[in-house]
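Here is the structure we will look at.
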Amino acid sequence: MSASSTRCFSIAPDSIVKFSYDVGAKASEELLCPVGSASAVYPYALETGGYFPSLFESLPPAGESVTVKDVQLAPSNPDMIANIPFDALSQSGLNLDELKIGQELFLQNGMKAAIVEKSDASIKIDANPPLSRLKDLTMEVSTEQILERTSPFEKTGTLSSWTTATWSDPKYETATFAGGCFWGVELAFQRQEGVIATKVGYTQGKGHSPSYEAVCSGTTGHTEGIQVVFDNSVVSYEDLCNLLVERLGDNVFKKNQVGNDMGTQYRSGIYPHNEEQKKTALEVIEAIGGDVKTEVVDATDFFDGEPYHQQYLMKGGQSAKKDSKETIRCYG
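In terms of the numbering used here, the sequence shown has 120 at position 120, counting the first letter as 1, and numbering is strictly consecutive.
And the structure:
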């Protein structure tokens, strides 16, 4: 059955929606399939940890399909778009005649921006994520499964309800980790088969609803964390713990540090949600040997990070395809 792009039914908050999508051949070519093949099936956390903002109000009931127009693959901030007169580029060393639409430029602050328009006197550049620049896409979406939470939870501020979630199918579980800057850790888990939803945030600290700036100040005691919902019939909790350990490498022996990032907000940890997860986490840490600094502490309040940080590297154009081996670059 086909439906219009207007939602005509209700999905409970924090549901997991499994859907397939097709953005068409032209868009697939432009996207280079950054989140998988154009018709792949992608599980999805509604309004938290999801991939396509424009689908929030467009998902059809299970077993139905919908055509979504004007698809937004990533948010666009107008403050990241600017017109630059050629006069201002006279000392840049650029050959103004050779500048082309689509060309990427490196800005003085290290960011990349694409030329999106060019006239006889100026260029317009856009430093938003590449996915945000794809316009007027039409997507065919089919909903295959809707998995809702069964445990009651009253959401307060930005407190994550995944922490105490019990999903309607017992094969789904929540796991919480920390491994330094949460951008790269999230992308690593996005690529893992069996991980069906991810989001970043702040955990293991004091105070309510901390901001990124407060956490980075080191005064709240929170660490940059990631929560995942996974299918334990596809990937085990032990596998996820080992994924974190493999990504950390020798950083498991460093306190409050991962790579060049130092401070309590960058400490690494495994935060089990039940006794079974805790037993597994301790066994994984014990198997490493030596003076491991990666902590194993019971999961506690997890505060969702700002939308800007969610799926940051994927929105910046890095591949989130399952089992992708592409090097993860911890910048946009």
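The C-beta atom is built at its ideal place from N, Cα and C for all residues, glycine as well.
Since the model is a prediction, treat every value here as computed from it, not as a measurement.
Reduced DSSP secondary structure (H/G/I, E/B, other) of residue i
i, result
"Q311", "coil"
"S142", "strand"
"V296", "strand"
"S132", "helix"
"I123", "strand"
"K278", "helix"
"M80", "helix"
Residues of its chain near residue i, where Cβ-Cβ distance is below 6 Å and the 5 sequence neighbours each way are ignored
i, result
"P130", "G317"
"A127", "M80, M111, A113"
"V195", "F189, V228, F230"
"L282", "V296"
Environment of residue i [buried if 16+ CB atoms lie within 10 Å]
i, result
"A299", "buried"
"P60", "buried"
"L107", "exposed"
"D301", "buried"
"T198", "buried"
"L277", "For clarity, residue 277 is Gln in the given sequence; the question names Leu instead. Buried, by the Cβ-count rule."
"E186", "buried"
"D304", "buried"
Same chain, Cβ closer than 8 Å to residue i, five either side skipped, listed in chain order
i, result
"E193", "V234, V235, K322, D323"
"K255", "R267, K293"
"D291", "F253"
For residue i, the nearest candidate out of the options (CA to CA)
i, options, result
"P307", "L94, G201, Y172, G259", "G201"
"G83", "S119, A287, G259", "Note on residue identity: the sequence assigns Asn, not Gly, to residue 83. Checked all of S119, A287, G259; the closest Cα to N83 is S119."
"D97", "G269, S142, I123", "I123"
"Q190", "C330, G269, S319", "S319"
"A175", "D239, Y212, G289, Q103", "D239"
"C181", "E140, N251, I288", "N251"
"V68", "P78, E140, E104, S92", "E140"
"G207", "A62, E276, L159", "L159"
"M314", "N77, R329, S65, T203", "R329"
"T264", "I285, L134, T219, I288", "T219"
Unbroken beta strand (DSSP E) run spanning residue i, endpoints
i, result
"D231", "223-231"
"T198", "195-203"
Extent of the continuous alpha helix (DSSP H) to which residue i belongs
i, result
"N242", "237-248"
"A214", "212-216"
"E173", "Note, E173: premise wrong, no alpha helix (DSSP H); beta strand (DSSP E) at 172-179."
"G184", "182-190"
Own chain, CB closer than 7 Å to residue i, minus 5 neighbours either side, in chain order
i, result
"N232", "K171, E173"
"C241", "I270, T280, A281, V284"
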